[in-house]
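Following: one structure in structure tokens, then a few remarks.
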Amino acid sequence: MRTTHAVTAAIAVAVIVSPMQSAAASALTQIINATFARLQSYPVPPYAIWTATWHITQTPMGYNTGTTSGVEVHRYAVRLADGMENVSDPSPNGKLPPALILPEFLGPFAWTLRSSVRVPASGNGASMLPDVEGLKTIARVTAFAQPAYALVKSPPPIENVGGHPSYHLELRPLGDPRKHNLRDLWIDVSTYDLWKAHFVGTYTPGPGAPISPTDATVYFRQVVGCWVVTHALWTYDDPPSHFDFDVTNNEIGVPPTLPDWLFDAREYRKHQDAGEPDYIGEVLDRLRNGAKP
0 MRTTHAVTAA IAVAVIVSPM QSAAASALTQ IINATFARLQ SYPVPPYAIW
50 TATWHITQTP MGYNTGTTSG VEVHRYAVRL ADGMENVSDP SPNGKLPPAL
100 ILPEFLGPFA WTLRSSVRVP ASGNGASMLP DVEGLKTIAR VTAFAQPAYA
150 LVKSPPPIEN VGGHPSYHLE LRPLGDPRKH NLRDLWIDVS TYDLWKAHFV
200 GTYTPGPGAP ISPTDATVYF RQVVGCWVVT HALWTYDDPP SHFDFDVTNN
250 EIGVPPTLPD WLFDAREYRK HQDAGEPDYI GEVLDRLRNG AKP
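FYI, numbering that gives the first Met the number 0 numbers position 23 of the sequence shown as 22, with every residue one higher than the one before it.
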């Protein structure tokens, strides 16, 4: 079973400034501060639920032939206060299906900086978390921290992202490149919304699977009033095969509450053994029918 480690964000980055670069650096700081404020203005719910469609391409390493592809659909529920995530497949019989319950990523909300949200480290050693601490090195957030990144091109070029003219901030980590894993940000020139981000990390598709370096790109948009990751692409190597994942987060809902047993593996099994109905499936059905979750 695979979980979407991909991604909703609040982005800022600090820049090394020389006297000749002061004007450009000042303009860049304004962009970053405006982006930070914009992302912080969006609400972050206590709970979220969604489905994700995975398009998976497998290619033999070193060859251009023998490529296979497939599609998978998974459902997710997350409690943002502690990052506990329930992942399952759609239930064929309307009963609670088997579920993987772990303190994983927060899917569409994984990039938030809100203090009410905790994104725990993965228990399997892989890390596709964005460099939240590095983002705080911007002066107005962490005034005395050393900058985590330098800007490769100043002033940043303007590129089109889905019809939105956006500043392209190409970043160079100043410390450990594994820890400071952001590489590119695309920020709307008018609204300062973050439309796209590129970062690196490590990934494993499930317990017991090998851990591989990964290169990821995520896309954002507004859903149910929140600024979230709705599309993610990343890579995975498990020799002799290379995998490309193209994942779309669908049907995102923000119920006001979800039961604690949904995020406790032992308690979940008790409800499953009792033959109870598929709770996540019922919530998703209410969302589809326009009712409150």
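For each residue, glycine too, the CB sits at the ideal point set by N, CA and C.
| query | result |
| --- | --- |
| What three-state label does DSSP hand Thr203 in the structure shown? | coil |
| Using 10 angstroms around the beta-carbon of Asp175, count the other beta-carbons present and answer buried if the total reaches 16, otherwise exposed. | exposed |
| Is Pro45 near Leu79, with beta carbons less than 8 Å apart? | yes |
| Quick one: Cα of Asp81 to Cα of Pro102, how far? | 7 Å |
| Opposite Arg78 in the DSSP bridges: which residues? | Tyr46 and Met83 |
| Which value, in whole angstroms, describes the spacing of the CA atoms of Ala9 and Gln29? | For Ala9, the predicted model reports a pLDDT of 34, less than 50, meaning its position is unreliable and no value from the coordinates is stated. |
| Does DSSP put Arg177 in a helix, a strand or coil? | coil |
| Helix, strand or coil: how does DSSP classify Ala273 here? | coil |
| Between Leu184 and Leu193, how many whole angstroms is the CB-CB distance? I'm expecting something under 8 Å. | 6 Å |
| What would DSSP say about Asp130, mapped onto helix, strand or coil? | coil |
| With DSSP collapsed to three states, give me the class of Asn288. | coil |
| Could you pull out every residue in the same chain whose Cβ sits closer than 6 Å to the Cβ of Ala51, ignoring the five residues on either side in sequence? | Thr3, His73, Val246 and Asn248 |
| For Gly280, which residues in the same chain have their Cβ closer than 8 Å to its Cβ, ignoring the five residues on either side in sequence? | Arg74, Pro89, Ser90 and Gly93 |
| Can you tell which of Arg177, Gly252 and Ser240 has the C-alpha that lies nearest to the C-alpha of Gly61? | Ser240 |
| By the DSSP assignment, the beta strand (DSSP E) with Asn92 in it spans what residues? | First-last for Asn92: undefined, no H or E at that position. |
| Look at the Cβ atom of Trp49, then the Cβ atom of Glu250, and state whether they are nearer than 8 Å. | yes |
| Please report how far the alpha carbon of Pro253 lies from the alpha carbon of Phe219, in whole angstroms. | According to the sequence as given, residue 253 is Val; it is not Pro. In a straight line, the C-alpha of Val253 is about 17 Å away from that of Phe219. |
| Would the beta-carbon of Thr56 fall within 8 Å of that of Ser68? | yes |
| How would you label Glu84, buried or exposed, when you count the other beta carbons within 10 angstroms and need 16 or more for buried? | buried |
| Could you tell me which residues DSSP puts in a beta bridge with Gly65? | The partner list for Gly65 (beta bridge, DSSP) is empty, contrary to what the question assumes. |
| Quick one: measure Cβ to Cβ for Phe244 and Leu232, integer angstroms, because I've assumed they're closer than 8 Å. | 7 Å |
| Within 10 Å of its beta-carbon, does Lys178 have 16 or more other beta-carbons around it, so buried, or fewer, so exposed? | exposed |
| Which of helix, strand or coil does DSSP assign to Pro146? | coil |
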